[in-house]
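First comes the structure, then the notes that go with it.
Take a look at the structure:
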């Protein structure tokens with residue numbers, strides 16, 4: 118499944134390059150909800166985007182690669198372990214770092230492509246590699262320290278936004294979406310993503 | 032230009048809405064309260080009760096109690112782990128001895144972590160002194176309607192045929208009674224069982240077994256009563272227990288004091 122996804126992403130990136138489309142940078146604010154809203158603070162993420170076609174096309178697809186670093190909401194979390202022994206062993210968890218590298222497939226639908234200000238609907242698919250460094254302790258049964266354990270996660274991101282044409286070769290898009298994990302080997306992640314990107318069309 | 036400005040304001044609002052701060056971790060944890068510790072029907076047993084006032088950000092998975100004789104203690108100390116109840120209440124029976132002070136706390140855990148309640152201090156009341164419900168003169172053994180004054184009475188621990196403590200009353204003429212317990216007896220009543228059925232505690236009563244002249248066990252049923260006196264002595268009494276000797280049932284009553 119992972120190989121198939123990577124292959125799809127690569128093909129899409131090559132396709133974008135072949136079409137000689139648009140490329141740009143995106144800054145986003147990632148606000149965790151659900152489980153992670155109590156554990157991680159909102160983070161700023163950065164992405165490099167490449168898209169097919171032109172800024173006036175109704176539909177364009179593309180790819181992205183990005184990075185975000187989250188900070189924990191507090192130094193120590195009061196965790197525990199049960200270990201099936203009929204006892205609750207008190208413990209703690211310290212998250213030293215929580216970072217994400219994302220590779221995504223983007224799809225944009227411009228509702229009024231001929232206008233200077235144009236509403237956009239998007240649907241993205243992201244593959245995340247999440248790197249976590251943490252200390253785990255539960256009295257008498259767990260004492261572990263991990264430096265950069267990797268987990269993966271597959272998420273979708275439906276989003277809406279508005280595109281503003283600055284000139285014939287530059288446009289700015291702002292919007293928001295909700296990233297929802299589909300599968301992965303880490304606790305499911307849901308977050309609000311508010312983004313701004315600046316795209317250059319040669 | 033005006034339109035652009037409206038869009039700009041709209042986006043500012045969206046950013047404010049969707050990048051609101053994360054929630055405090057403490058809000059994700061359950062809030063638990065230690066409700067009460069009350070003596071239960073069984074000897075040396077307390078019923079502990081707790082209550083989840085807030086489940087936190089996920090369902091409560093575990094609840095429980097910990098306690099100790101000292102005010103500062105570890106969550107694993109005498110821990111009782113329970114599953115959660117949908118109504119938020121939880122309770123457990125624990126062993127706690129009379130006239131002792133204990134410190135209790137309740138705990139609850141959900142997906143995010145665990146919390147503990149405030150520490151609750153409770154002193155288990157001493158058992159009331161108990162004495163046989165019949166009128167017997169002090170320091171007297173009534174055997175087959177004859178009054179005897181015991182020549183010696185003593186209590187002793189160590190190696191015994193039954194239990195870990197016994198009281199022996201020697202009332203002369205070669206007669207003696209041994210009363211066996213599985214503990215140093217304190218204020219209260221002790222159910223009499225035959226030596227064959229002797230256990231320290233049968234689930235509802237502490238047990239005593241009596242043997243006459245080291246050979247003749249007393250019949251089952253009836254009670255031995257213990258009173259701990261202020262001078263440090265202990266008075267043992269019983270009414271009309273029956274011992275079978277030489278195929279004859281003899282009633283025996285007593286009120287004896289020993290140190």
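Chains as they are written, first to last, in my numbering: chain A, 118 to 319; chain B, 32 to 290.
Quick reminder that beta carbons are idealized off the backbone N, C-alpha and C, glycines included.
Q. Expressed to the nearest angstrom, what Euclidean distance is found between the alpha-carbon atoms of residue 184 of chain B and residue 207 of chain B?
A. Approximately 10 Å between the Cα atoms of the pair.
Q) Taking three-plus beta-carbon pairs below 8 Å as touching, is the region 187-207 of chain A in contact with the region 254-265 of chain A? A) yes
Q: Give the residues from the region 112-139 of chain B that approach chain A closer than 9 Å (Cβ to any Cβ), ordered along the chain.
A: Taking 9 Å as the Cβ-Cβ cut-off against chain A, the residues of the region 112-139 of chain B that qualify are 112, 138.
Q | Simplified DSSP state of residue 228 of chain B, which is helix, strand or coil | A | In the structure shown, residue 228 of chain B sits in a helix (DSSP, three-state: H, G or I).
Q. Whose Cβ in chain B lies nearer than 8 Å to the Cβ of residue 306 of chain A?
A. Going along chain B, no residue has its Cβ under 8 Å from residue 306 of chain A, so there is no contact; the nearest lies around 13 Å.
Q. Run through DSSP, which three-state label would residue 155 of chain A get?
A. helix
Q.
Report the start-end ranges of each alpha helix (DSSP H) in the region 68-118 of chain B that is 4 residues or longer and not cut off at the edges.
A. Here no run is fully enclosed.
Q | Distance between residue 81 of chain B and residue 67 of chain B (C-alpha atoms, nearest Å) | A | Each residue's alpha carbon lies about 7 Å from the other.
Q) Could one say the Cβ of residue 303 of chain A lies closer than 8 Å to chain B's Cβ atoms, at least one of them? A) no
Q: Return helix, strand or coil for residue 392 of chain A, following the three-state DSSP convention.
A: For residue 392 of chain A there is no data in the structure shown, the boundaries of chain A being 118 and 319.
(Q) If you measure between the beta carbons of residue 219 of chain B and residue 161 of chain B, is that distance less than 8 Å? (A) The beta carbons of residue 219 of chain B and residue 161 of chain B sit closer together than 8 Å.
**Q.** CA nearest to the CA of residue 63 of chain B, picked from B/275, B/71, B/138, B/132
**A.** Checking every option, the nearest Cα to that of residue 63 of chain B belongs to B/138.
Q.
At 3 residues or longer, what runs of the beta strand (DSSP E) sit wholly inside the region 184-251 of chain B?
A. 196-201, 207-212, 219-223, 237-243
Q: Helix, strand or coil for residue 306 of chain A, going by three-state DSSP, please let me know.
A: coil
Q: Identify which residue in B/278, B/170, B/77 has its Cα closest to the Cα of residue 200 of chain B.
A: B/170
Q. Where does the unbroken beta strand (DSSP E) through residue 245 of chain A begin, and where does it stop?
A. 234-255
Q | N- and C-terminal bounds of the beta strand (DSSP E) containing residue 264 of chain A | A | 259-282
Q) Can you list the residues of chain A that residue 12 of chain B reaches, using a CB-CB cut of under 7 Å? A) This structure cannot speak to residue 12 of chain B, because chain B is shown only from 32 to 290.
**Q.** Residues sharing a beta bridge with residue 206 of chain A, DSSP
**A.** A/198
Q | Straight-line Cα distance separating residue 159 of chain B from residue 204 of chain B | A | 35 Å
Q. Is residue 178 of chain A near the ligand FAD, going by C-beta to nearest heavy atom under 7 Å?
A. Looking at this structure, you won't find the ligand FAD or any other ligand, since it has none at all.
Q: Determine the DSSP secondary structure at residue 142 of chain B, reduced to helix, strand or coil.
A: coil
(Q) For the alpha helix (DSSP H) containing residue 58 of chain B, name the first residue and the last one. (A) 56-59
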